[in-house]
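**Student:**
Number of protein chains: 2
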Amino acid sequence: MKGFKFKGIVAGIKKGANAGKKDLGLIFSTRPASAAALFTENRVVAAPVIMGRERIKAGVCQAVVVNSGNANCFTGDQGLRDARETARLAANALRIPEELVMVASTGVIGAPIPMQRLIDAMPALTTELDNSSFEDFAQSIMTTDLSMKVVVKKHKIKGEEFTVAGAAKGSGMIKPNMATMLAFICTDLDISSTLLKAALKIACERSFNRISVDGDTSTNDMVLAMANGMSGAAVEDSDDALEFETILNEVTLELAKMVVKDGEGATKLVKIVINGAASAQDALKAAEAVSHSNLVKTAIYGEDPNWGRITAAAGRSGADVDPDLMDLTFGDVVLVKKGVWQGVEAEKRAAQVMKKSELEIVLDLNMGSFSDFYYFCDFSENYVKINADYRS
Amino acid sequence: MKGFKFKGIVAGIKKGANAGKKDLGLIFSTRPASAAALFTENRVVAAPVIMGRERIKAGVCQAVVVNSGNANCFTGDQGLRDARETARLAANALRIPEELVMVASTGVIGAPIPMQRLIDAMPALTTELDNSSFEDFAQSIMTTDLSMKVVVKKHKIKGEEFTVAGAAKGSGMIKPNMATMLAFICTDLDISSTLLKAALKIACERSFNRISVDGDTSTNDMVLAMANGMSGAAVEDSDDALEFETILNEVTLELAKMVVKDGEGATKLVKIVINGAASAQDALKAAEAVSHSNLVKTAIYGEDPNWGRITAAAGRSGADVDPDLMDLTFGDVVLVKKGVWQGVEAEKRAAQVMKKSELEIVLDLNMGSFSDFYYFCDFSENYVKINADYRS
Numbered sequence: 001m002k003g004f005k006f007k008g009i010v011a012g013i014k015k016g017a018n019a020g021k022k023d024l025g026l027i028f029s030t031r032p033a034s035a036a037a038l039f040t041e042n043r044v045v046a047a048p049v050i051m052g053r054e055r056i057k058a059g060v061c062q063a064v065v066v067n068s069g070n071a072n073c074f075t076g077d078q079g080l081r082d083a084r085e086t087a088r089l090a091a092n093a094l095r096i097p098e099e100l101v102m103v104a105s106t107g108v109i110g111a112p113i114p115m116q117r118l119i120d121a122m123p124a125l126t127t128e129l130d131n132s133s134f135e136d137f138a139q140s141i142m143t144t145d146l147s148m149k150v151v152v153k154k155h156k157i158k159g160e161e162f163t164v165a166g167a168a169k170g171s172g173m174i175k176p177n178m179a180t181m182l183a184f185i186c187t188d189l190d191i192s193s194t195l196l197k198a199a200l201k202i203a204c205e206r207s208f209n210r211i212s213v214d215g216d217t218s219t220n221d222m223v224l225a226m227a228n229g230m231s232g233a234a235v236e237d238s239d240d241a242l243e244f245e246t247i248l249n250e251v252t253l254e255l256a257k258m259v260v261k262d263g264e265g266a267t268k269l270v271k272i273v274i275n276g277a278a279s280a281q282d283a284l285k286a287a288e289a290v291s292h293s294n295l296v297k298t299a300i301y302g303e304d305p306n307w308g309r310i311t312a313a314a315g316r317s318g319a320d321v322d323p324d325l326m327d328l329t330f331g332d333v334v335l336v337k338k339g340v341w342q343g344v345e346a347e348k349r350a351a352q353v354m355k356k357s358e359l360e361i362v363l364d365l366n367m368g369s370f371s372d373f374y375y376f377c378d379f380s381e382n383y384v385k386i387n388a389d390y391r392s
Numbered sequence: 001m002k003g004f005k006f007k008g009i010v011a012g013i014k015k016g017a018n019a020g021k022k023d024l025g026l027i028f029s030t031r032p033a034s035a036a037a038l039f040t041e042n043r044v045v046a047a048p049v050i051m052g053r054e055r056i057k058a059g060v061c062q063a064v065v066v067n068s069g070n071a072n073c074f075t076g077d078q079g080l081r082d083a084r085e086t087a088r089l090a091a092n093a094l095r096i097p098e099e100l101v102m103v104a105s106t107g108v109i110g111a112p113i114p115m116q117r118l119i120d121a122m123p124a125l126t127t128e129l130d131n132s133s134f135e136d137f138a139q140s141i142m143t144t145d146l147s148m149k150v151v152v153k154k155h156k157i158k159g160e161e162f163t164v165a166g167a168a169k170g171s172g173m174i175k176p177n178m179a180t181m182l183a184f185i186c187t188d189l190d191i192s193s194t195l196l197k198a199a200l201k202i203a204c205e206r207s208f209n210r211i212s213v214d215g216d217t218s219t220n221d222m223v224l225a226m227a228n229g230m231s232g233a234a235v236e237d238s239d240d241a242l243e244f245e246t247i248l249n250e251v252t253l254e255l256a257k258m259v260v261k262d263g264e265g266a267t268k269l270v271k272i273v274i275n276g277a278a279s280a281q282d283a284l285k286a287a288e289a290v291s292h293s294n295l296v297k298t299a300i301y302g303e304d305p306n307w308g309r310i311t312a313a314a315g316r317s318g319a320d321v322d323p324d325l326m327d328l329t330f331g332d333v334v335l336v337k338k339g340v341w342q343g344v345e346a347e348k349r350a351a352q353v354m355k356k357s358e359l360e361i362v363l364d365l366n367m368g369s370f371s372d373f374y375y376f377c378d379f380s381e382n383y384v385k386i387n388a389d390y391r392s
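Same order as they appear, the protein sequences are chains A and B. The first sequence maps to residues 1 to 392 in our numbering. The second sequence maps to residues 1 to 392 in our numbering.
(1) Starting from G12 (chain A), trace the beta strand (DSSP E) both ways and give me its first and last residue.
(2) Residues in the stretch 29–50 of chain B with C-beta within 9 angstroms of chain A's C-beta atoms, listed in sequence order?
(3) Per DSSP, what kind of secondary structure is T395 (chain A) in: helix, strand or coil?
(4) Let me know the secondary structure DSSP gives D240 (chain A) once reduced to three states.
(5) Kindly indicate which three-state DSSP category V290 (chain A) falls into: helix, strand or coil?
(6) Where does K201 (chain A) sit, in a helix, a strand or coil, going by DSSP?
(7) Ends of the beta strand (DSSP E) at L325 (chain A)?
(8) Please compile the residues from chain B whose C-beta is within a distance smaller than 9 angstroms of the C-beta of I109 (chain A).
(9) CB S68 (chain B) to CB I113 (chain B), shorter than 8 angstroms?
(10) Closest to T30 (chain A) by CA distance: which of A:F6, A:T252, A:G52 is it?
(11) Which residues in the same chain as M122 (chain B) place their Cβ atom closer than 8 angstroms to its Cβ, once the five residues preceding and following it in sequence are excluded?
(12) Could you give the first and the last residue of the continuous alpha helix (DSSP H) run that contains S140 (chain B)?
(13) Kindly indicate if chain B contains any beta-carbon less than 8 angstroms away from that of G315 (chain A).
(14) So, does the CB of A388 (chain B) fall closer than 8 angstroms to a CB anywhere in chain A?
(15) Measuring CB to CB, does D324 (chain A) end up less than 8 angstroms from K338 (chain A)?
(16) Let's see if you can read the secondary structure: which residues bound the beta strand (DSSP E) around E358 (chain A)?
(17) For V273 (chain A), which residues of its own chain have a beta-carbon under 6 angstroms away from its beta-carbon, when the five flanking residues on both sides are left out?
(18) Report the option in A:T144, A:A36, A:A104, A:D120 whose CA atom is closest to the CA atom of V260 (chain A).
(19) Using DSSP with H/G/I as helix, E/B as strand and the rest coil, what is F393 (chain A)?
(20) Could you tell me whether the stretch 14–26 of chain B touches the stretch 281–290 of chain A, where touching means 3 or more Cβ pairs closer than 8 angstroms?
(21) Any Cβ of chain A within less than 8 angstroms of the Cβ of Y301 (chain B)?
(22) Considering only residues of the same chain and omitting the five flanking positions on each side of T267 (chain A), which have a CB-CB separation below 8 angstroms?
(23) Please report the distance separating the alpha-carbon of A256 (chain A) from that of S293 (chain B).
(24) So, is the C-beta of V290 (chain B) closer than 8 angstroms to a C-beta in chain A?
(25) Quick one: list the residues of chain B neighbouring K385 (chain A), beta-carbon separation under 7 angstroms, in chain order.
(26) With DSSP as the reference, please indicate the residues paired to E161 (chain B) in a beta bridge.
(27) Residues of chain A with CB closer than 8 angstroms to the CB of V362 (chain B), please, in chain order.
(28) Run the CB neighbour count on Q116 (chain B), radius 10 Å, all protein chains shown included, and call it buried at 16 or more, exposed below.
(29) Return no unless some Cβ of chain B is closer than 8 angstroms to the Cβ of V65 (chain A).
(30) Would you report the Cα separation of K297 (chain B) and E160 (chain B), rounded to the nearest angstrom?
(31) Since L118 (chain A) sits in a beta bridge, which residues does DSSP pair it with?
(32) In three-state DSSP terms, what is A93 (chain A)?
(33) So G339 (chain B) contacts chain A; which residues on that side make the cut at Cβ distance below 8 angstroms?
(34) Looking at the unbroken alpha helix (DSSP H) that takes in K271 (chain B), where does it start and where does it end?
(35) Can you tell me whether G110 (chain A) is buried or exposed? The criterion is at least 16 other CB atoms within 10 Å of its CB, across all chains shown.
(36) Between the stretch 103–137 of chain A and chain B, which residues of the former have CB atoms less than 9 angstroms from a CB of the latter, in chain order?
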């Protein structure tokens, strides 16, 4: 990918069990890039989100600094000053205008940013950059993530090749809307910030906004896309825009699924598909209710085809449902047909399907023609362990 | 308590680990009682709920049969026939009209009711009744409950004493609205079914509708109140009604707290109080969001005063909040004052407060004058264990 350079280093911001791990990352475009971003919908937001919402209005960005040790949230005016100072320090080191630097952060809420560590780390962060260290960057944004989340795709528009590279981090507090986590998408395609934003919104709506780990919405999350136009490929008409949108959605969906798969304590990735809803809202409501249900999630962890919990979750979702019309399948096994349980044998086969690490459950409400989906993970003892111990 | 008799027996409906435990209960009033009931708001409802909603319209009830082994939910027309047959069998044995018998059930969803077991058990259930076996009844309605939930209070109206006795069962799928669990309240007070229903609604709104264990809403839940008027005490005017309402709310609140305390895997009972909300809805939304947050619940389990998760939950609740105005206290420890963290010492003291088995957290939004509250429990590995293994 042309014109993007990355870095990921240990700045000593992470503490406790994570001390000594990479915790400071940089994305740098050799020239200013079209940029668009989406932010958490939580009313309590971190300082970098406040600053980022302001800066992204210009539609241009050249560098992003991410720290994964401290959320810089609930840190008041000092937090905002620290976010701005972080951007200024990086801008000076990179010799670019500070308005072109975005900042993102994730980690513990409420503690002040250890600015001296950032100051000390800035030379190492901003020198010896290269375009092969995307994985270092992806590692530097991890918190409780067990695996690095990177997707790189190449595509052609009118014969000209371009690259879309995405990195994301989870893995708790994963719930839409647009409050999923941190994700950064770089492309060397030439596209306006307006079209980039439109494509990003659609891509996120069908990916990051359709996943759930624990139903909590973080204060810090952002998805940032940068397009520096250095590949030679350009979006010139609506067909090109649609093509880019498709490839961008592929990248965000793969990242989103990685986030769910690596959900805190997760052992399985589940897709719930709602078909036959009376309205688009009903389809989404039912999918959300199933994917957020702790009872559904623990049953999946236990490999128990406890379909009653799924139909009950749809029942309380607010969607228009009739139990006597529901069809429910686990993988290729029909468990319920028009509200009637299909018996012990079907349930045994469903239990077999559940042993796989990926599972698709389809609930047809048979009330209309609308569909939607959600990806979610199961819920194990480890989720509790991770989150009961996170700060200690 | 005059004129009420109870029974709780082993009918062989429970399976697996619970096989051999009491699973069939009876409440019988020697004369028809004023009655009122509230039911689950889930759109998927069990057969006894469908039948109960119809029967309770008459405002009179003389007997209730409860089974705790099989939910009789998602059982179609057969389920409804089985519920009616259960009522008919009990009515015949008790020699009362079948319309005066209510049925409630809880347990596994989707399996047909083993009617032969009910038929075989009916003689034992309906003979040798006495008014000292309220605890047997309370035990017979338990599923994963670890403790029996019984509250009995005596009170006087115009010098005449009456009793209010309540029994409830939890302990998963505990979430309002009125979808909390099974609860049965008997009183020998003389009160009309209209006033009884009004009092029950208010009492439940401030008790069962303010608790959360896991955010799921069951398909089966009902709260039933019966008043047979045999004590000599009577509700004759609005002052009397208010007095009864108060005592009824004491009973339902104590039962509700017992349900939370015995929530699946719970180790702590927490009351979240929201003060200073801009509207009543905001106060409730914020209280709900905090009490349903898995991140808050796991932090409390870990005795970690992770206040950022509480303020973040309020932030995503939809309530109008400003992080810079929030005050947050754990017990008597002020952790956040006008959005500012009160330091390491305060946090250490808060951690001490959290070691107790009961905890009150107060979040003042300082946006207005509205308050609300919620009781909830923490979230431990055991919740996952219980719910991953429930049917196996």
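Glycine included, C-beta positions come from ideal geometry on N, C-alpha and C.
**Tutor:** Looking at the coordinates:
(1) Your numbering for residue 12 (chain A) matches position 12 in the first sequence. That residue, G12 (chain A), is in no beta strand (DSSP E); it is neither H nor E in DSSP.
(2) Of all residues in the stretch 29–50 of chain B, those with a C-beta nearer than 9 angstroms to a C-beta of chain A are T40, E41, N42, R43, V44, V45, reading in chain order.
(3) A question about residue 395 (chain A) goes unanswered here, because the residues of chain A that appear run from 1 up to 392.
(4) In the first sequence, the residue the question calls residue 240 (chain A) occupies position 240. Residue state, collapsed to three classes: helix.
(5) For this step, residue 290 (chain A) is matched to residue 290 along the first sequence. Residue state, collapsed to three classes: helix.
(6) Counted from its first residue, the first sequence places residue 201 (chain A) at position 201. Here K201 (chain A) sits in helix by DSSP.
(7) On the first sequence, residue 325 (chain A) is found 325 positions in, with the first residue counted as 1. Per DSSP, L325 (chain A) belongs to no beta strand (DSSP E) and is neither H nor E.
(8) Counted from its first residue, the first sequence places residue 109 (chain A) at position 109. Neighbours of I109 (chain A) on chain B, chain order: N306, W307, G308, R309, T311, A312.
(9) Here residue 68 (chain B) is taken as the residue at index 68 of the second sequence, counted from 1. Here residue 113 (chain B) is taken as the residue at index 113 of the second sequence, counted from 1. Here S68 (chain B) is not near I113 (chain B), since their CB atoms are 8 angstroms or more apart.
(10) Working through the first sequence from its first residue, we reach residue 30 (chain A) at position 30. Ranked by Cα distance from T30 (chain A), the options A:F6, A:T252, A:G52 are led by A:F6.
(11) Numbered from 1 along the second sequence, position 122 holds the residue referred to as residue 122 (chain B). Same-chain partners within the cutoff: L89, A90, A93.
(12) By one-based count along the second sequence, residue 140 (chain B) stands at place 140. Start and end: 134–140.
(13) Within the first sequence, the letter at position 315 stands for residue 315 (chain A). Cβ-Cβ to chain B under 8 angstroms: yes for G315 (chain A).
(14) Within the second sequence, residue 388 (chain B) is the residue found at index 388, counting from 1. A388 (chain B) counts as touching chain A.
(15) For the purposes of this step, residue 324 (chain A) is taken as the residue at position 324 of the first sequence. For the purposes of this step, residue 338 (chain A) is taken as the residue at position 338 of the first sequence. In this structure, K338 (chain A) lies closer than 8 angstroms to D324 (chain A) by Cβ.
(16) In the first sequence, residue 358 (chain A) corresponds to position 358, counting from 1. Note, E358 (chain A): beta strand (DSSP E), 358–364.
(17) The residue you call residue 273 (chain A) lines up with position 273 of the first sequence. Residues V362, F373 of the same chain have their beta carbon placed closer than 6 angstroms to that of V273 (chain A), with the five preceding and five following residues left out of the count.
(18) Counting from one through the first sequence, the residue named residue 260 (chain A) turns up at place 260. Of A:T144, A:A36, A:A104, A:D120, the residue nearest in Cα terms is A:T144.
(19) Here chain A comprises residues numbered 1 to 392, so residue 393 (chain A) is not present and cannot be evaluated.
(20) No, the stretch 14–26 of chain B does not touch the stretch 281–290 of chain A.
(21) As a working mapping, residue 301 (chain B) is identified with position 301 in the second sequence. Output row for Y301 (chain B): interface = yes.
(22) Residue 267 (chain A) sits at position 267 when you count from the first residue of the first sequence. For T267 (chain A), where only same-chain residues beyond five positions count, the Cβ hits under 8 angstroms are Y301, S357, C377, D378, S380.
(23) Residue mapping note: residue 256 (chain A) aligns to position 256 of the first sequence, counting from 1. Residue mapping note: residue 293 (chain B) aligns to position 293 of the second sequence, counting from 1. The C-alpha of S293 (chain B) is placed about 22 angstroms away from the C-alpha of A256 (chain A).
(24) By one-based count along the second sequence, residue 290 (chain B) stands at place 290. So, not an interface residue.
(25) Residue 385 (chain A) sits at position 385 when you count from the first residue of the first sequence. Listed along the chain, the chain B residues whose CB falls inside 7 angstroms of the CB of K385 (chain A) are E381.
(26) To locate residue 161 (chain B), count along the second sequence from 1; it is residue 161. Bridge partners of E161 (chain B): B:K156.
(27) For the purposes of this step, residue 362 (chain B) is taken as residue 362 along the second sequence, with counting starting at 1. The contacting residues do not exist; V362 (chain B) stays about 17 angstroms from chain A at best.
(28) Here the question's residue 116 (chain B) lines up with position 116 in the second sequence. The C-beta of Q116 (chain B) has fewer than 16 other C-beta atoms within 10 Å across all chains shown, which makes the residue exposed.
(29) Position 65 of the first sequence, counted from the first residue, corresponds to residue 65 (chain A). For V65 (chain A), the nearest beta carbon of chain B is not closer than 8 angstroms to its own beta carbon.
(30) Locating residue 297 (chain B) in the second sequence gives position 297, where the first residue counts as 1. Locating residue 160 (chain B) in the second sequence gives position 160, where the first residue counts as 1. Rounded to the nearest angstrom, the two C-alpha atoms are 45 angstroms apart.
(31) Counting from one through the first sequence, the residue named residue 118 (chain A) turns up at place 118. Checking the DSSP bridge columns, you'll see L118 (chain A) has no partner listed.
(32) Against the first sequence, residue 93 (chain A) aligns to sequence position 93. Of the three classes helix, strand and coil, the one that applies to A93 (chain A) here is helix, per DSSP.
(33) The residue labelled residue 339 (chain B) in the question sits at position 339 within the second sequence. Those within 8 angstroms of G339 (chain B) in chain A are F74, G76.
(34) By one-based count along the second sequence, residue 271 (chain B) stands at place 271. Run containing K271 (chain B): none in the alpha helix (DSSP H); it sits in the beta strand (DSSP E), 269–277.
(35) Against the first sequence, residue 110 (chain A) aligns to sequence position 110. Its Cβ being crowded by 16 or more others within 10 Å, G110 (chain A) is buried.
(36) Listed by position, the residues of the stretch 103–137 of chain A near chain B (Cβ gap below 9 angstroms) are V108, I109, G110, A111, P112.
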